[in-house]
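Have a look at the structure below, then the notes.
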Amino acid sequence: MHGRVKIKSTAQQEEEKRKEKEKKLKAFVSARDAVLKKRSAGEHDEEALQLTRQLLSSNPDFATLWNYRREVLLHLETLREKDEVQKLYESELHFIEACLKVNPKSYGCWHHRTWVNTRLPQPDWTRELGLCDRCLSLDERNFHCWDYRRVVVKASGVSVEQELQFTDRLIGSNFSNYSSWHYRSTLLPQLHPQPAPDSAPNTSPSPTTSPQFHSHRVCEEQLLKEYELSHNAFFTDPNDQSAWFYYRWLLGRAEREEMISCVYVSREGERVSVAFSKPVHAQSEGLMLVLDGQPQQVEWRSTHPRLRHSPVWLCDLPPGSISDMSNEHNLTIHWTEKHTHRDCALYTGCAESWCRDSATNLELFRSELSVEKSSVLQAELQSCNQLLELEPQNKWCLLTIILLMRALDPLGHEKETLAHFQTLKEVDPMRSTYYSDLCSKFLIENTILKMEYAEVRVFSLSNKNLTTLCHLDQLLFVTHINLSSNQLLRLPPHFAMLQCLEVLEADDNAIENLEGLYHLPKLEEVSLRNNQICKLSDLESLASCTKLTRLDLRGNPVHRTAHIESELSQLLPRVTALSL
Amino acid sequence: MYSRGALVDLLIKSNVSRYAEFKNIGRILTCRNGKVEQVPCSRADVFASKQLTVVEKRMLMKFLTFCLDFEQHPEEYQDYTEKPFREFLKNKKLTENLQDFILHSIAMVTQQTLMEEGLKATQHFLRCLGRYGNTPFLFPLYGLGEIPQCFCRMCAVFGGIYCLRHSVQCLVVDKASNKVKAVIDTRGQKISCSHFVVEDSYIRDEQRQSTAYRQISRAVLITDRSVLPSDSDQQISLVTIPPLESSAPAVRMVELCSSSMTCMPGTYLVHLTCSSSGTAQEDLAPVVSELFHVSTIPGEETSVEERSKPAVLWVMYFNMRDTSALDSSSYSLPSNVHVCTGPDGSLGSDCSIKLAESVFHHILPDEEFCPPAPNPEDIIYDGDGPQAEGPGFDESVNTEAEEEGAAHEKSPSTEPAEMDSVADTTPSSEE
Chain A
1 MHGRVKIKST AQQEEEKRKE KEKKLKAFVS ARDAVLKKRS AGEHDEEALQ
51 LTRQLLSSNP DFATLWNYRR EVLLHLETLR EKDEVQKLYE SELHFIEACL
101 KVNPKSYGCW HHRTWVNTRL PQPDWTRELG LCDRCLSLDE RNFHCWDYRR
151 VVVKASGVSV EQELQFTDRL IGSNFSNYSS WHYRSTLLPQ LHPQPAPDSA
201 PNTSPSPTTS PQFHSHRVCE EQLLKEYELS HNAFFTDPND QSAWFYYRWL
251 LGRAEREEMI SCVYVSREGE RVSVAFSKPV HAQSEGLMLV LDGQPQQVEW
301 RSTHPRLRHS PVWLCDLPPG SISDMSNEHN LTIHWTEKHT HRDCALYTGC
351 AESWCRDSAT NLELFRSELS VEKSSVLQAE LQSCNQLLEL EPQNKWCLLT
401 IILLMRALDP LGHEKETLAH FQTLKEVDPM RSTYYSDLCS KFLIENTILK
451 MEYAEVRVFS LSNKNLTTLC HLDQLLFVTH INLSSNQLLR LPPHFAMLQC
501 LEVLEADDNA IENLEGLYHL PKLEEVSLRN NQICKLSDLE SLASCTKLTR
551 LDLRGNPVHR TAHIESELSQ LLPRVTALSL
Chain B
1 MYSRGALVDL LIKSNVSRYA EFKNIGRILT CRNGKVEQVP CSRADVFASK
51 QLTVVEKRML MKFLTFCLDF EQHPEEYQDY TEKPFREFLK NKKLTENLQD
101 FILHSIAMVT QQTLMEEGLK ATQHFLRCLG RYGNTPFLFP LYGLGEIPQC
151 FCRMCAVFGG IYCLRHSVQC LVVDKASNKV KAVIDTRGQK ISCSHFVVED
201 SYIRDEQRQS TAYRQISRAV LITDRSVLPS DSDQQISLVT IPPLESSAPA
251 VRMVELCSSS MTCMPGTYLV HLTCSSSGTA QEDLAPVVSE LFHVSTIPGE
301 ETSVEERSKP AVLWVMYFNM RDTSALDSSS YSLPSNVHVC TGPDGSLGSD
351 CSIKLAESVF HHILPDEEFC PPAPNPEDII YDGDGPQAEG PGFDESVNTE
401 AEEEGAAHEK SPSTEPAEMD SVADTTPSSE E
């Protein structure tokens, strides 16, 4: 080679590229117009297949063309023999694969492929599985491929064990793959299910003795291996969230049994309040109220008009049913949809009565991670603490430790939990509100437990940095509540569930909304000093609390409103002691 | 070769890489307490390792992450700048296990190496990870001899001329300038030249200042199995065997599977290297018998333990001169004779490349060293006769293989044919 070497200039190269692009665009547009014309003319022929193939090869996301192609193929099916149809669809599969190379995440392609497999007289699932393997090796998180894989596995009956081994391989090569962990979580319970608690084969499936029951669970032996796997992952890289999420799933989230948690009866007002284990729509649950053996025709209503699904429902008994203090009554609420009921006895001389399972016994607040045995949870807590020593600022570790401690002993670990929340807010300030809310929830839970233990009806949680309220359905029988010196912004509609509330102290918050103070029949005294109540309209709901006589609104912007005193005395005529 | 470094950069930059194919080295192994184990170096390895406790895994990952850009955290190491790397590792609370892994198999330094060098070596290793595969190393198919071959091929494409099957017998030196002006080959042809590049082993003792050298001990084996069986029998492994005493050198071993195109299917080719204390056999035979089964008497009873080791089908021990520390002052040669030393004992080829570059710049100080070859599509040919400059001159890079020193010429009026009579040359013929 003795020639002189000259290289094309950049300008030359760019001009050539531009010309090529223009040519391509022109060809595309004319082909597209031709295709759409054919379709509106209803032509289902080979030419249609050719044109759509040309267009889809460079742009596989053009959904209309896939639709048209399906129309053509269906038509051609009617004209061909079975083995020709097989060939037709097999070549279609080849074509789809080529399109997938252009865009492996094309909705159109994957959908079309699924469709083709339903039309194929003899689908080749092994090849489809191989395609999934290849696509996933290129991109482990291609969710189209994962979904398609699930379809293939289901249709072809690939064994769960084989698929589990597949996840083993993927996780082994890269444990940051959330998709693989997730898939694993769907496979494990199928392969290693937890044996039913009552293993005697002759008894009919009886309700479990523990109030929590668990499906989708994995047997213990396998679980321990999975814990080890998770440990390896989060010790190797504690910042990778996939393993932490999988770990939390392993530790278990129990499903609470559906039941009536509390029935409260008050002679005054002849009212029955019922609390359910989850929000319901009373009118559709087949509730039946039986008083002294007689079913009663009652209207159920929610505590607040904005709560159409609510855990607490009220009804009024016919006047005179229970007003006489010298009578004893027996009340039963039947929840026919769930085949459960609860009784409540109202004794002579008692103005009220209630029946509830204690939150402690229900292990109510352990349902985050409560399924495992204490010994296992304890061992896991130890491992996590070991990691925390090495990585004191790791938020995943801190959060998991908090959840483990709550599962083991919410009251005993309270101090440590609060300290960890503090650290969490420092290391992860972007989510500090989330942590504050979560901490509030845990503090409320602890206070409920302490309240039960002390057997009182006073709920006191002042100066605890509360940012939100929850579990209000558990406070049905509380008479006094103190939420002063926190960071609450509102008393939400759920607050109306506190049907027995007599005294509310909520000074020194930032409350601007009092929606939840609605038709609280026993509420007498409210103190809301130093909050953010600004307008008269904010106080409207108080008018429905007919027993309210004392109201303290000092330190609220509302006192600047013109004529506020006279307005308020009009709105709340029964309030005798008003402080502004 | 390291996946990041002078050689890879050069191969890519000059487009010479298209003449060769490479395979990843699949795993890094070490030998501890008589057992061959895998060294976890990537995240996936650490995750899957059964040899480390979870706490060790965390400590290792933490340390490696720190090493990746250790310069950003001077407070972590400023107290140890003059201390050995080993001490630094101990101070970081790494267990003995981990210290061994890092020192011998990742940084690949000695007990005496100072901290900064150790950190840099670890960093280099980590930065090479993941570029092409799970380990930092690549191996060219058909062996390391392919690398110089590729460069030669590129050179030939642009006008370099190769004369095969004869070598240079003597130099013709101009007495006045003490520069070589021609060489005479073994067929008696005289080729005039302005520079002469030659590999060290062609230089006779008379031209050397001293004849005492460091040596490298080498062994080559053909075996029937891998030292560490695994799911795949087609893996290339790099093995570091730590020294038994701290003053002795570590032994490095490369085990090549047949798909590296260096040995027959069903066999493995194994190279062992260390810097010499005695003969190669003295230095390396103990390691060989620890890892392999060397049958001394045909048909003898072999213990179960022995049978589990791979059998040695053929072995050769030899010592090589390590001339890498030499420079032009070590020879008494004319100034336009450039000697390329042989390979050094280290794993990468940085030393050879530096040398090639410096020789190149001696000869052609204004030219770019190994510029990228143009894309064939963009070349326009003029079609007239032999012209002046080609796009660049390449050096033959002498790495592990020994190559014939090719004589390159600046002006391509290379008419090799004349047979000058010996009387024309000044009679100081030297080899």
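Protein chains in written order, with the UniProt record's numbering: chain A, 1 to 580; chain B, 1 to 431.
Glycine included, each C-beta is placed from N, C-alpha and C at the ideal position.
Being a predicted model, the structure only gives us computed values, none of them experimental.
If you follow the beta strand (DSSP E) that residue i is in, where does it begin and where does it stop?
i	result
L171 of chain B	168-174
C155 of chain B	Where C155 of chain B is concerned, there is no enclosing beta strand (DSSP E), although the alpha helix (DSSP H) it sits in stretches over 146-157.
I191 of chain B	190-192
N385 of chain A	From DSSP, N385 of chain A is part of no beta strand (DSSP E) but of the alpha helix (DSSP H) over 374-390.
residue 619 of chain A	The requested residue 619 of chain A does not occur in the structure, where chain A is confined to residues 1 to 580.
Here's a check: name, in chain order, each residue in its chain whose Cβ is nearer than 8 Å to the Cβ of residue i, leaving out the five neighbours to either side.
i	result
S199 of chain A	Because S199 of chain A carries a pLDDT of 43, less than 50, the predicted location of this residue cannot be relied on, and no value is offered for it.
N463 of chain A	S484, S485, N486
I564 of chain A	L536, V558, L580
Y107 of chain A	D61, A63, H144
Where do the ends of the alpha helix (DSSP H) carrying residue i lie?
i	result
P140 of chain B	First-last for P140 of chain B: 138-140, but that is the beta strand (DSSP E), not the alpha helix (DSSP H).
Q13 of chain A	10-40
L241 of chain B	The displayed chain sequence assigns Ile, not Leu, to residue 241 of chain B. Taken as a continuous stretch (DSSP letters only), I241 of chain B belongs to no alpha helix (DSSP H), being part of the beta strand (DSSP E) at 237-241.
F442 of chain A	432-454
Return no unless some Cβ of chain A is closer than 8 Å to the Cβ of residue i.
i	result
K57 of chain B	yes
H408 of chain B	The predicted model places H408 of chain B with a pLDDT of 30, which falls under 50 and marks its position as unreliable, so this point remains unresolved.
M61 of chain B	yes
R43 of chain B	yes
A48 of chain B	yes
V359 of chain B	no
V54 of chain B	yes
In angstroms, rounded to a whole number, what distance separates the CA positions of residue i and residue j?
i	j	result
L553 of chain A	R58 of chain B	56 Å
M253 of chain B	R86 of chain B	23 Å
S275 of chain B	Y213 of chain B	11 Å
L326 of chain B	T341 of chain B	7 Å
Q446 of chain A	C344 of chain A	One point to set straight first is that residue 446 of chain A is Asn, not Gln, in the sequence displayed. If I take the Cα positions, the gap works out to 26 Å.
H334 of chain A	L307 of chain A	22 Å
T433 of chain A	T423 of chain A	13 Å
Y2 of chain B	A285 of chain B	28 Å
D494 of chain A	L74 of chain A	Checking the sequence shown, residue 494 of chain A turns out to be His, not Asp. Answer to the nearest angstrom: the Cα atoms are 56 Å apart.
K13 of chain B	I236 of chain B	26 Å
K410 of chain B	P148 of chain B	With a pLDDT of 24 at K410 of chain B, under the threshold of 50, the modelled position of this residue cannot be trusted, and the question is left open.
residue 432 of chain B	S176 of chain A	With chain B covering 1 to 431 only, the question about residue 432 of chain B has no answer from this structure.
L269 of chain B	N134 of chain B	22 Å
A577 of chain A	D507 of chain A	17 Å
V290 of chain A	C355 of chain A	15 Å
L129 of chain A	S173 of chain A	19 Å
Does the CB of residue i have a neighbour CB from chain B at under 8 Å?
i	result
N174 of chain A	yes
A233 of chain A	yes
Q378 of chain A	no
T479 of chain A	no
Q386 of chain A	yes
T236 of chain A	yes
Quick one: what's residue i bridged to in DSSP?
i	result
N24 of chain B	B:L138
Q111 of chain B	Answer by DSSP bridge pairing: none, since Q111 of chain B is not bridged.
W314 of chain B	B:I222
D237 of chain A	D237 of chain A is not bridged to any residue.
A577 of chain A	A:R550
N513 of chain A	A:R490
R86 of chain B	In the DSSP output, where bridge partners are listed per residue, R86 of chain B has none listed.
R342 of chain A	A:I333
Sorted by chain position, which residues of the same chain lie with C-beta nearer than 7 Å to residue i's C-beta, five sequence neighbours on each side aside?
i	result
residue 587 of chain A	No answer is possible for residue 587 of chain A: the residues shown for chain A start at 1 and end at 580.
T323 of chain B	D200, Y213, T341, G342
Looking only at its own chain, which residues have a Cβ that is under 6 Å from the Cβ of residue i, when we skip the five neighbours before and after it?
i	result
E258 of chain A	S277, K338
E352 of chain A	S266
S460 of chain A	N482
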